[in-house]
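S.K.:
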Amino acid sequence: MSRFEKTESNSNSSKNEKAVQHPTDWWHENITNPFCNALIVEPANAITCTFDTFTHQKEVHRLTPSPVPQTSDFGTTVCQGAASAVGGVLPYALAGKFAGSGLRFLGARFEVEGALAKFAQSDRAAQIIGAGLYDGMRETRAGETHLRNGAAGAVNFTILEFIGGKGKCPFDRIFDRFMTGGVATIASAYVARPDLFPMAGSVKSSDVNFNRQFFAGAILNVLLPGTQHGVRKACDAMSLKLGSGIPIDRFVRSKEPSFANAFSSPNDLKLLDANRWATVQPNAEVNSYHAGKDLVTLKDSGNFKALRHELQHRNDARAKISEPGFVRAAGLLSKDKEQAWRVYRSVRQAQEVRAELANYHDTGLKTYAETVRNLKESIPSSSATHGDTYETLWRKEFQQFERTGGKFRPEVDFSSDFGFKMLHKESDLLYEQLRPKHSNVSSTLQQIVKRYDVPVPQLALALKHVNEFLNPSVVHPVDVDADKLAMQTLRLIGNPEKVSQGKHPTCAPASLEYYTYLKHPENATDLLSQVVRMNQFECLDGSPIVVNGLNVVPEKYWNRSFANQLFQNTAVNVHWQRKRDLTPWLSSDDNVNLKIRPGLTRYQRQWSNQMNESPYRLLDYSKFPPVPIHDRLPEHRNDPSSPLMTLNAVEDIHHQINGTTRGGILLSERFDNAVELADVLRERESRAQLPVLAWLDTRQPLLAHGAGEPSAGGGHAVVIKSYDPKSKRVSIFNPWGEMLHGVGIKDLFQATQDYDPSIVAGRKK
Amino acid sequence: MGEISNIGRIKKLPLPEGWSATREVLGQFGNSYLYHFGSPAAPDLQMSVFYRGMLVSSLSGKNFERILKKEPHQLTPEAILSISEVLGNCAQPDLYDIDKAATIKLSDKTVVDVEGQFPEFALENRTIFIDGGNDGCAVLEIVISGPKDVYSKYASMLDSCLKAIEWK
């Protein structure tokens, strides 16, 4: 800013002060002149001065600053300072912008990483360097040097960038910035002209108006953030207009919080890190990555899935992963053109599959393999660009590849909504099949399509499995109302909160069911499809799980749907039919036979007219008649319908149905205090590792209610769906058929503790 | 003579001669409890006190309360529908044939009294639905269930026991 502006001589000004001044003259001298000097004259002279220095010329191109009178009048001082600030803020903001562009250019050119990359992308660093360079370039006055001016500018803006503006209300923040700006200006004056400050607390008299500088610095600092923002927006708008895109970090920051949340998993952050110098052009014609321009284009700027896809293309292009394949195809051109085409095609297909798999980083092994298969099938016929399918596009590229003797490399990779085609196909099939009996199928399918939290290909797969058991040509081993089951399943896909354990002690498998419909609906429907068509489910480890008899006859009296029934009792059987012994329910210390035969211990429904008791029993079918397992477990004989699930058992079942999940799906059972619990949840939330299953005690206040006897409750599995670290509240799915929102961390912690009636009795006393 | 004591809202409910507690099932789902009572002389007949362990929806609870606040009366089909969640299986026409649904007073407390059959199991049934507290959302049930011949033999005896109920 115009810290040390030359003013008119005092003798003239003192005479002029006594004479009556025309208002227009006052306005020109005290507002217009300092404004124009700061906005135009000083920046112009800074550029020309630098040019003259390098060309060893002396003030050839200098503009004469307009006169600004020295004054002791406070009001006039403030006006001059304000005018300087208003005029000077834009040049400083522009200086910061240019410095930032320069830093980013260098960062991208040398592909710096880590702290250096953060520095190069930092708007703060850019502003400090820009201000330092600008002040260093400016004309020097008596007692000044370019170096000290530059340092003063850097010091000034370092203080402005890092201190101040932190008040709670807007007025506080403005006042904060005002004071910081004024103080920073005086501090920088010390750096530029230490001779003016011979002793602490004293200032030498000079032609420097410190009051004016203070106000100029103060007001500039208030105006600075808005001006910086405006300059950045204007520059970005121009870049976008020219089609050259904006840096990816600014693009992601400019999006709504929902976009940032959707793009926040560890793999996403890794992808962003690897592509930190990418530029993004939103609202383009197509989703693509242009290798030649190193530019990602997005049709819909909110489409984070397309962004992942294109960034993966960028990764591939820069790592030249496909180059060996292209070289091999080129080598085959002269020998076997058909083979060359097949190789070229498979290279391009693999590129698209890899790019699309960037959207599947959290998927389990089971889904991954099937997804790769489906992508390989669906990509070639999907629309790539301008009405061409990928197959057509690749053919056209191959012609160029051939013409150039194998030298051609595709410049542009496109992404398509691969899954949508399949989703629409499966959805249309279901609609046609179900509409005659279920008029609300359309709204149910709409709910599914709106499951934006699940990748489209997974939703498409989920519907495909429903179509499998709905197919009229499929003969079901048991008489099943397939339409009704399909509608129940579709409702669960659209709204997993409809999962219920009913009147069964299956809270743990029901919690897993909710988790599966939430994260992997395709695995839930695959399970149902296998059981309905074959009375069998194949686990990830290849074990066949038999689900037959009354297990596949719809329940009537126990308050859960057939879809819930099939998933939950199959899940229990996934665990028990693969077990070989009765640990942890018995141990070798119990002096009993622990062994059970795999496949012959089954959780099986019995005929019952007891409508308020679950009719399921764990039975040992190696004996005739089958013997209840609970007969061998003294502590559990009075609870014969319990499926004997531990959280470790649930994790085992989850693995067999869904594959592995990063971070696991269980919350550690014991915490010493609520703070520890909050820390774990915050960590999981930041790593996108929610939801998670937890074990609560229903006798604690969170779940104890109504006419229940305290002794009636006990361990209960729930799903902690989400955690808000700001409010320290969670949302919980309770398999009784309810969602609990806004649960405080202290209440949750208490619910994880074992209920102790003596504590309650003590409180009552 | 045996009695049921201190279960939910029930302070005391006398049992017929020769009847006693047979079985209990606690915490099977929610905070549920289920206490069975019967007699060796009539093994197929049982009286149970049942709490389903979780609250019904607040709408159902409000409807239940509203019905209980009125003077004892027969329930219309619309009223039955409005508390179908409370009545559970008894409100499912494909599972249960209703003979009678009305509110009655048992020792100054109004309850919903439903009688009918579960045709699939050939069971006669009478279920008393009680507001267990919590704005009509915690529903306690006294369930009497058995084959027709045994049920009719003990029906009036069990009715007398119900009329002698004492509430907390």
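Protein sequences, first through last, are from chains Z and P. 118 is the number of the first residue of the first sequence in my numbering; add one for each residue after it. 267 is the number of the first residue of the second sequence in my numbering; add one for each residue after it. Quick reminder that beta carbons are idealized off the backbone N, C-alpha and C, glycines included. No experiment lies behind these values; they were computed from the predicted model shown.
For lysine 554 of chain Z versus aspartate 600 of chain Z, is the C-beta distance shorter than 8 Å?
M.R.: Counting from one through the first sequence, the residue named residue 554 of chain Z turns up at place 437. Counting from one through the first sequence, the residue named residue 600 of chain Z turns up at place 483. Yes. Within cutoff.
S.K.: Short of 7 Å in beta carbon distance, which residues of its chain neighbour serine 498 of chain Z, apart from the five on each side in sequence? Order them along the chain.
M.R.: Locating residue 498 of chain Z in the first sequence gives position 381, where the first residue counts as 1. So the list reads Thr506, Glu508, once near-sequence residues are dropped.
S.K.: My understanding is that proline 732 of chain Z touches serine 725 of chain Z, with C-beta atoms under 8 Å, so please give their C-beta distance in whole angstroms.
M.R.: The residue you call residue 732 of chain Z lines up with position 615 of the first sequence. The residue you call residue 725 of chain Z lines up with position 608 of the first sequence. Rounded, the Cβ-Cβ distance is 4 Å, consistent with contact.
S.K.: Taking C-beta pairs closer than 7 Å, name the residues in chain Z that proline 320 of chain P reaches, listed in chain order.
M.R.: Within the second sequence, numbered from 1, the residue matching residue 320 of chain P stands at position 54. Reading off the sequence, residue 320 of chain P comes out as methionine, not proline. Within 7 Å Cβ-Cβ: Trp853.
S.K.: Look at the alpha carbon of proline 594 of chain Z and the alpha carbon of leucine 540 of chain Z, and state the distance between them as a whole number of angstroms.
M.R.: Translated into the one-based positions of the first sequence, residue 594 of chain Z becomes position 477. Translated into the one-based positions of the first sequence, residue 540 of chain Z becomes position 423. Roughly 28 Å separates the two Cα atoms.
S.K.: Can you name the residues that DSSP bridges to isoleucine 370 of chain P?
M.R.: Residue numbering aside, residue 370 of chain P sits at position 104 when the second sequence is read from its first letter. DSSP lists P/Val377 as partners of isoleucine 370 of chain P.
S.K.: Does the Cβ of methionine 267 of chain P have 16 or more other Cβ atoms within 10 Å, making it buried, or fewer, making it exposed?
M.R.: For the purposes of this step, residue 267 of chain P is identified with residue 1 of the second sequence, where counting begins at 1. That one is exposed.
S.K.: Less than 8 Å between the C-beta atoms of glutamate 630 of chain Z and leucine 578 of chain Z, yes or no?
M.R.: The count along the first sequence starts at 1 and reaches residue 630 of chain Z at position 513. The count along the first sequence starts at 1 and reaches residue 578 of chain Z at position 461. No, the pair does not count as a contact, with Cβ atoms beyond the cut-off.
S.K.: Which residues share a DSSP beta bridge with isoleucine 662 of chain Z?
M.R.: One-based indexing of the first sequence puts residue 662 of chain Z at position 545. Paired residues: Z/Phe654.
S.K.: Starting from the Cα of tryptophan 143 of chain Z, find the closest Cα among Z/Arg179, Z/Ala200, Z/Phe171 and give me that residue.
M.R.: Here residue 143 of chain Z is taken as the residue at index 26 of the first sequence, counted from 1. Of Z/Arg179, Z/Ala200, Z/Phe171, the residue nearest in Cα terms is Z/Ala200.
S.K.: Output, in sequence order along the chain, the residues in the stretch 774-786 of chain Z whose CB is closer than 9 Å to any CB in chain P.
M.R.: Within the stretch 774-786 of chain Z, no residue has a Cβ that lies closer than 9 Å to any Cβ of chain P.
S.K.: What alpha helix (DSSP H) runs, 4 residues minimum, are completely inside the stretch 819-880 of chain Z?
M.R.: Runs of the alpha helix (DSSP H) inside the stretch 819-880 of chain Z: 862-869.
S.K.: Cβ closer than 7 Å: which chain Z residues qualify as neighbours of tyrosine 420 of chain P?
M.R.: Reading the second sequence from its first residue, position 154 is the one you call residue 420 of chain P. Those within 7 Å of tyrosine 420 of chain P in chain Z number zero; the least Cβ separation is about 18 Å.
S.K.: Would you call leucine 359 of chain Z buried or exposed, if buried means 16 or more other Cβ atoms sit within 10 Å of its Cβ?
M.R.: Sequence index remark: in the first sequence, residue 359 of chain Z carries index 242 (1-based). The residue is exposed, with fewer than 16 neighbouring Cβ atoms inside 10 Å.
S.K.: Whole angstroms are fine: how far does the CA of glycine 274 of chain P sit from the CA of glutamate 432 of chain P?
M.R.: Stepping through the second sequence from its first residue, residue 432 of chain P is reached at position 166. Stepping through the second sequence from its first residue, residue 274 of chain P is reached at position 8. If I take the Cα positions, the gap works out to 12 Å.
S.K.: Measuring alpha carbon to alpha carbon, tell me which residue in Z/Tyr485, Z/Leu449, Z/Asp530, Z/Thr149 is nearest glutamine 466 of chain Z.
M.R.: Position 349 of the first sequence holds residue 466 of chain Z. The option with the nearest alpha carbon to glutamine 466 of chain Z is Z/Asp530.
S.K.: With a cut-off of 8 Å, do at least 3 Cβ pairs link the stretch 333-343 of chain P to the stretch 375-395 of chain P?
M.R.: Yes, since at least three Cβ pairs between the stretch 333-343 of chain P and the stretch 375-395 of chain P fall closer than 8 Å, the two stretches touch.
S.K.: Examine chain Z for any beta-carbon lying closer than 8 Å to the beta-carbon of phenylalanine 316 of chain P, and answer yes or no.
M.R.: Numbered from 1 along the second sequence, position 50 holds the residue referred to as residue 316 of chain P. Interface residue, yes.
S.K.: Answer yes or no: does any C-beta atom of chain Z fall closer than 8 Å to that of serine 298 of chain P?
M.R.: Locating residue 298 of chain P in the second sequence gives position 32, counting from the first residue. Yes, serine 298 of chain P counts as interfacial toward chain Z.
S.K.: Between which two residues does the alpha helix (DSSP H) containing methionine 254 of chain Z stretch?
M.R.: Here residue 254 of chain Z refers to the residue found at position 137 when the first sequence is read from its first residue. Run containing methionine 254 of chain Z: 240-254, per the alpha helix (DSSP H) assignment.
S.K.: Going along the chain, which residues of its own chain have a beta-carbon closer than 7 Å to the beta-carbon of glutamine 550 of chain Z, five neighbours each way excluded?
M.R.: Taking the first residue of the first sequence as position 1, residue 550 of chain Z is located at position 433. Counting only Cβ-Cβ distances below 7 Å, and skipping sequence neighbours, we find Leu587.
S.K.: Roughly how many angstroms separate the alpha carbons of threonine 181 of chain Z and glutamate 159 of chain Z, rounded to a whole number?
M.R.: Sequence index remark: in the first sequence, residue 181 of chain Z carries index 64 (1-based). Sequence index remark: in the first sequence, residue 159 of chain Z carries index 42 (1-based). Taking the straight line from one Cα to the other gives about 9 Å.
S.K.: By the criterion of Cβ-Cβ separation under 8 Å, what are the contact partners of glycine 299 of chain Z in chain A?
M.R.: Note that chain A does not occur in the displayed structure, where the protein chains are Z and P.
S.K.: If we ignore side chains and look at the alpha-carbon of each, how far apart do valine 836 of chain Z and alanine 404 of chain P end up?
M.R.: One-based indexing of the first sequence puts residue 836 of chain Z at position 719. One-based indexing of the second sequence puts residue 404 of chain P at position 138. About 24 Å.
S.K.: Since glutamine 848 of chain Z contacts methionine 856 of chain Z with CB under 8 Å, what's their CB separation in whole angstroms?
M.R.: On the first sequence, residue 848 of chain Z is found 731 positions in, with the first residue counted as 1. On the first sequence, residue 856 of chain Z is found 739 positions in, with the first residue counted as 1. Before going further, note that residue 848 of chain Z is serine rather than glutamine in the sequence given. Contact flag correct, Cβ pair sits at about 6 Å.
S.K.: Assuming contact is defined by CB atoms lying nearer than 8 Å, are histidine 753 of chain Z and phenylalanine 295 of chain P in contact in what I supplied?
M.R.: Your numbering for residue 753 of chain Z matches position 636 in the first sequence. Your numbering for residue 295 of chain P matches position 29 in the second sequence. No, Cβ-Cβ distance for histidine 753 of chain Z and phenylalanine 295 of chain P is not below 8 Å.
S.K.: Between Z/Asp814, Z/Gln468, Z/Ile164, Z/Ser628, which has its C-alpha nearest leucine 865 of chain Z's C-alpha?
M.R.: For the purposes of this step, residue 865 of chain Z is taken as the residue at position 748 of the first sequence. It is Z/Asp814 whose Cα lies nearest to the Cα of leucine 865 of chain Z.
S.K.: How would you list, in chain order, the residues of chain Z whose beta-carbon sits under 7 Å from the beta-carbon of asparagine 355 of chain P?
M.R.: For the purposes of this step, residue 355 of chain P is taken as the residue at position 89 of the second sequence. Chain Z residues near asparagine 355 of chain P: Tyr674, Met728.
S.K.: In this structure, does DSSP put glycine 522 of chain Z in helix, strand or coil?
M.R.: Stepping through the first sequence from its first residue, residue 522 of chain Z is reached at position 405. Coil, per DSSP.
S.K.: Check the Cβ of glutamine 618 of chain Z against every Cβ in chain P and list those closer than 8 Å, keeping chain order.
M.R.: Within the first sequence, numbered from 1, the residue matching residue 618 of chain Z stands at position 501. Simply Phe295.
S.K.: Please work out which residues of its chain come closer than 8 Å, Cβ to Cβ, to serine 324 of chain P, disregarding the five sequence neighbours upstream and downstream, and give them in chain order.
M.R.: Taking the first residue of the second sequence as position 1, residue 324 of chain P is located at position 58. Excluding sequence neighbours, serine 324 of chain P sits near Asp401, Cys403.
S.K.: Buried or exposed for histidine 407 of chain Z, please, with buried defined as at least 16 other CB atoms from any protein chain shown within 10 angstroms of its CB.
M.R.: Along the first sequence, read from residue 1 onward, the residue named residue 407 of chain Z stands at position 290. Flag for histidine 407 of chain Z reads buried.
S.K.: Three or more C-beta pairs under 8 Å: does that hold for the stretch 332-342 of chain Z against the stretch 202-213 of chain Z?
M.R.: With the cut-off at 8 Å, the stretch 332-342 of chain Z and the stretch 202-213 of chain Z touch.
S.K.: Using the rule of at least 16 other Cβ atoms within 10 Å of the residue's Cβ for burial, across every protein chain shown, is proline 399 of chain Z buried or exposed?
M.R.: In the first sequence, the residue the question calls residue 399 of chain Z occupies position 282. Proline 399 of chain Z should be labelled buried.
S.K.: Helix, strand or coil: which one does DSSP assign to leucine 699 of chain Z?
M.R.: Taking the first residue of the first sequence as position 1, residue 699 of chain Z is located at position 582. It is coil, neither helix nor strand.
S.K.: To the nearest angstrom, how far is it from the Cα of glutamine 575 of chain Z to the Cα of threonine 488 of chain Z?
M.R.: Translated into positions along the first sequence, residue 575 of chain Z becomes position 458. Translated into positions along the first sequence, residue 488 of chain Z becomes position 371. Cα to Cα, glutamine 575 of chain Z sits roughly 8 Å from threonine 488 of chain Z.
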